[in-house]
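One structure below.
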DNA sequence: TTTTTTGATTGACCTTTGTAAAAAAAGATG
DNA sequence: CATCTTTTTTTACAAAGGTCAATCAAAAAA
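Protein chains in written order, with the numbering used here: chain S, 19 to 220; chain E, 19 to 220.
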């Protein structure tokens, strides 16, 4: 299905209903208010959601497509997070600490997103207990993903780290360039390439 | 002050009030109920809160002392988390996913703790919006600490990782053996020892 | 205090991974 | 289709950090 065809099928109401079902249930009233304050974005591959240095007070839910958070270390592009359909992404440092973003966020595919501002997240969380719970659920899931990632980084070889990400994100190599995968797991593209050719041979 | 002297000074009510002030405000009613379901523990250095393989459905707040979460990889002891005064610790994998704990948790000093069970956390969070918010705050802080840790692990030398933990936990070397610090930052004790002797010389 | 245990340091050696540069392959664009 | 750009692979070489073993130091236990 083409992205522009989805817009009519995927109404904001439906999307919010999916979030409610998959993360934490929201009352109809809360869903309505969430629908009023959120915004659908249709963006092309390569477009940027956040630039380094910006105060980014937005969080994005990915309806279709995928996005990548990355930063520059000594001029080198290092990937810090990938998000696919049904996942959230934001510049967490900027969003939660209200400081300029160290990250860029860009789209790796043509994408459809739901955008929410921190101000609205906060007022919804104040007003609705169930939205507070939803926020907690999202943060908890993120925390558990990070936990998994940390333990995969501790005392694991480049090959083990690559195997690990493949097991979690089965088809990531089809959607994300190897350079980004390499920096995400903390190895160079060259090392990743050697691992892959070693595996092919066997 | 000796640990046994603290018990009379630090009533559960006072401790819960401190949590409320430092994490997220709780109503008096909620504080009372929290006080009813939580329990103070006085434990000696070396004692174990959680063993690998156990279902651990408890979370601990450290009033005095410090604790360490670690796991065994190929028989080797690898530290995964430290918690000091005013911080929470639990076997997060077991607590949030209801599966057997991959971690041990042990005390690095004689300690005073507040213990809370998941069942009680959940019912408090259901009943009180402000307790739900407190939970979110604790999880969010943990997530941000993990974020910091991940970026310190990505493409940083052993020395940079050591400097980084020293800047975050200024006096950690006074309270935690170097072996544990080394495995926490993902290097061997020998490498850490070399870094330290290099720094001493200069 | 002496002994035992645990934690930290040092040295020799070796493996893994990074660096730099070039070539090849795959994708995008006119 | 042909060209240009980006991504990936390959090679040679260097450096960082791991492993193993011996020694030293400090803290607990007897």
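For each residue, glycine too, the CB sits at the ideal point set by N, CA and C.
Residue i versus residue j - alpha carbon distance
i, j, result
"residue 138/E", "residue 50/E", "13 Å"
"residue 170/E", "residue 47/S", "42 Å"
"residue 74/S", "residue 120/S", "10 Å"
"residue 202/S", "residue 181/E", "22 Å"
"residue 98/S", "residue 135/E", "34 Å"
"residue 197/S", "residue 207/S", "5 Å"
"residue 189/E", "residue 199/E", "12 Å"
"residue 42/S", "residue 186/S", "23 Å"
"residue 78/E", "residue 35/E", "16 Å"
"residue 183/E", "residue 90/S", "21 Å"
"residue 216/E", "residue 112/S", "36 Å"
"residue 159/S", "residue 212/S", "33 Å"
"residue 176/E", "residue 96/E", "16 Å"
"residue 140/E", "residue 110/E", "15 Å"
"residue 118/E", "residue 165/S", "16 Å"
"residue 72/S", "residue 146/S", "29 Å"
"residue 66/E", "residue 40/S", "36 Å"
"residue 38/E", "residue 209/E", "41 Å"
"residue 62/S", "residue 116/E", "40 Å"
"residue 144/E", "residue 60/S", "37 Å"
"residue 52/E", "residue 70/E", "28 Å"
"residue 28/E", "residue 58/S", "51 Å"
"residue 214/E", "residue 191/S", "40 Å"
"residue 54/S", "residue 54/E", "41 Å"
Expected contact under 8 Å - CB spacing of residue i and residue j to nearest Å
i, j, result
"residue 30/S", "residue 56/S", "6 Å"
"residue 93/E", "residue 173/S", "Actually they are not in contact, since the Cβ atoms of residue 93/E and residue 173/S sit about 12 Å apart, beyond 8 Å."
"residue 194/S", "residue 100/S", "6 Å"
"residue 162/E", "residue 114/S", "6 Å"
"residue 154/E", "residue 154/S", "4 Å"
"residue 133/S", "residue 218/S", "Not confirmed; about 41 Å, so no contact."
Under 7 Å by beta carbon: chain S residues contacting residue i
i, result
"residue 64/E", "Here the premise fails: no neighbours, minimum Cβ distance about 24 Å."
"residue 147/E", "147, 150"
"residue 91/E", "173"
Proximal chain S residues relative to residue i, where beta-carbon distance stays under 8 Å
i, result
"residue 153/E", "154"
"residue 165/E", "110, 111, 164"
"residue 204/E", "171, 172, 173"
Cross-chain neighbours of residue i in chain E, by beta carbon under 9 Å
i, result
"residue 96/S", "169, 172, 173"
Residue i beta carbon near the ligand MG (any heavy atom closer than 7 Å)
i, result
"residue 72/S", "Only the bare structure without any ligand can be found here, which leaves the ligand MG out of the picture."
Sub-8 Å separation of residue i and residue j beta-carbons
i, j, result
"residue 167/S", "residue 107/E", "no"
"residue 86/E", "residue 126/E", "yes"
"residue 129/E", "residue 83/E", "yes"
"residue 44/S", "residue 131/S", "no"
"residue 68/E", "residue 156/E", "no"
"residue 105/S", "residue 81/S", "no"
Cross-chain neighbours of residue i in chain E, by beta carbon under 7 Å
i, result
"residue 114/S", "158, 162"
Beta-bridge pairing of residue i - partner residues as DSSP gives them
i, result
"residue 76/E", "135/E"
"residue 108/S", "77/S"
"residue 58/E", "132/E"
"residue 97/E", "88/E"
"residue 32/S", "For residue 32/S, which the question treats as bridged, DSSP gives no partner whatsoever."
"residue 82/S", "130/S"
"residue 205/S", "Looking at the DSSP assignment, residue 205/S forms no beta bridge with any residue, so it has no partner."
"residue 68/S", "123/S"
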